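Visitor:
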Amino acid sequence: MPRLFGFEDMAYRRVRESEAEGIRLAASRRLLKQSMNAITEWVNELGYRTTRGGRWRPDGLANVLDHPAIAGLAEDESGNLYETGGPAIIPREDFVAIRAMRRARDPEAKRADQREYLIRGATGVCGLCGYPLGSSPSNAGSRGHRCMPSTAQRPGGCGKVRINADLLETYVAEHVLAELAKPEVSALIDRARDEVLTQAADLREKAAAARSRQKELGEDYARSPEISLQAFRTADNELKQLISESEVKARFLEQVKHVPVGDIPDLVRWWKHAPMTAKRGMLVLMLEQVAVYPAAARGSRRVDADRVSLKWRQWDVEPSITGEKSA
């Protein structure tokens, strides 16, 4: 995976000033609402080249201007921008303005925004540090996953793992479909689906009970002078955390409701045409975790059992056929 134009490293911590100046120039022209075709032609005439030495194309340059790292930012799974503590080549407000222009006028960017990830949330984790993987498109715009490094502004992981999303999803899908093809597994899908939905319902009840306790705590604090503000805040924060964790886990497990009920005669065909919600639901039903490790060599596109470890979900239905294993 090529580095991002403007940076020396994949962690976006060291700016390559000779390239950063080109980004600033392109951004200044874009803020004047010049077309990407005109800006690209101008940048090429100035002698700027891509990280691979080629001439710029409008979509490639637009992808660089659309990358949060050039403003010292990153993007979470919900599309929210946050400070990374890294260097900013252009100001945040300029980046936001440029991104807004692309989203409003560029159909390709709108389609890119709609690109979905099969593995997200608690499913994908860094094999080295266990931190959840975030979505991180490459410089060329292809989908990818990355262990986001920890910063002073936001806790994160080790930042040492990155993988192409298409390669990872293909590998995971092949193993999930192979498991589903086993008669002893497919016979239990409906019961396992109901079991996971029951777990989600239990978590919802747990969150509701904690919310009731939180309300009672507030009423007790208002009535009783014996409860200190510090004690109230401590108890209230604990309940808030319990509510948040329970609801997040419940939403994650509730994805299995999109798994079709009954036999699926042609699994491969179903997977190919199924909506992403159904695929994610099947993944949640079958897997607890997908752990990704660093590639054996930089730039390697090989995805195998040394790179990806699959932890299969354990069902409490008889007969028990799933357990923890590596693909």
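Using the numbering used here, you'd call the opening residue of the sequence shown number 55 and step up by one each time.
Where a beta carbon is used, it is the ideal one built from N, C-alpha and C, also for glycine.
Quantities reported herein were computed from a predicted structural model and do not represent experimental measurements.
In this structure, does DSSP put Ala142 in helix, strand or coil?
Guide: strand
Visitor: By DSSP, does Leu341 sit in helix, in strand, or in coil?
Guide: strand
Visitor: Once DSSP output is grouped into helix, strand and coil, what is the label at Leu242?
Guide: coil
Visitor: For Val322, which option in Leu231, Lys294, Ile152 and Gly178 has the closest C-alpha, if you only look at C-alpha atoms?
Guide: Leu231
Visitor: In this structure, how does DSSP classify Lys214 when only helix, strand and coil are distinguished?
Guide: In this structure, Lys214 counts as coil in the three-state DSSP scheme.
Visitor: Given a cut-off of 9 Å, decide if Ile152 and Arg78 are closer than it, judged by their beta-carbon atoms.
Guide: no
Visitor: Quick one: is Ala116 buried, meaning 16 or more other Cβ sit within 10 Å of its Cβ, or exposed?
Guide: buried
Visitor: So, helix, strand or coil for Pro112, using DSSP?
Guide: helix
Visitor: In the DSSP assignment, find the unbroken alpha helix (DSSP H) run with Trp366 in it and report its ends.
Guide: Where Trp366 is concerned, there is no enclosing alpha helix (DSSP H), although the beta strand (DSSP E) it sits in stretches over Val362 to Trp366.
Visitor: Give the list of continuous alpha helix (DSSP H) stretches no shorter than 4 residues that lie fully inside the region 247–335.
Guide: Counting only unbroken stretches of 4 or more residues, the alpha helix (DSSP H) elements lying wholly within the region 247–335 are 283–307 and 321–327, in sequence order.
Visitor: Are the CB atoms of Leu172 and Ala128 nearer to each other than 9 Å?
Guide: no
Visitor: If you drop the 5 nearest sequence neighbours on each side, which residues of the same chain put their C-beta closer than 6 Å to that of Ala254?
Guide: Ala304, Leu307 and Glu308
Visitor: Are the beta-carbon atoms belonging to Gly146 and Ala125 less than 9 Å from one another?
Guide: Correcting the residue identity first, residue 146 is Arg in this sequence and not Gly. Yes, the Cβ-Cβ distance between Arg146 and Ala125 is below 9 Å.
Visitor: Can at least three beta-carbon pairs, one atom from the region 286–297 and one from the region 233–253, be found at a separation below 8 Å?
Guide: no
Visitor: Output the distance between the C-alpha atoms of Ala241 and Ser189, rounded to the nearest integer angstrom.
Guide: 34 Å
Visitor: Specify, as a first and last residue, the run of the beta strand (DSSP E) that Glu170 falls within.
Guide: Counting along the chain, Glu170 falls outside any beta strand (DSSP E), and DSSP gives it neither H nor E.
Visitor: Enumerate in chain order the residues of its own chain whose CB-to-CB distance from Ala235 is below 8 Å, with the five nearest sequence positions on each side excluded.
Guide: Hits under 8 Å: Leu321.
Visitor: Can you tell which of Ala65, Ile297, Gln343 and Gly335 has the C-alpha that lies nearest to the C-alpha of Arg267?
Guide: Ile297
Visitor: I need the straight-line Cα distance from Cys212 to Asp63, nearest angstrom please.
Guide: 15 Å
Visitor: Measuring straight from C-alpha to C-alpha, what distance separates Ser82 and Pro209?
Guide: 32 Å
Visitor: Would Phe59 and Thr104 qualify as a contact pair, given that the criterion is a beta-carbon distance under 9 Å?
Guide: yes
Visitor: Span of the alpha helix (DSSP H) holding Leu231?
Guide: Ala219 to Leu234
Visitor: Give the single residue among Val97, Gly181, Pro329 and Glu238 whose Cα lies nearest to the Cα of Glu75.
Guide: Val97
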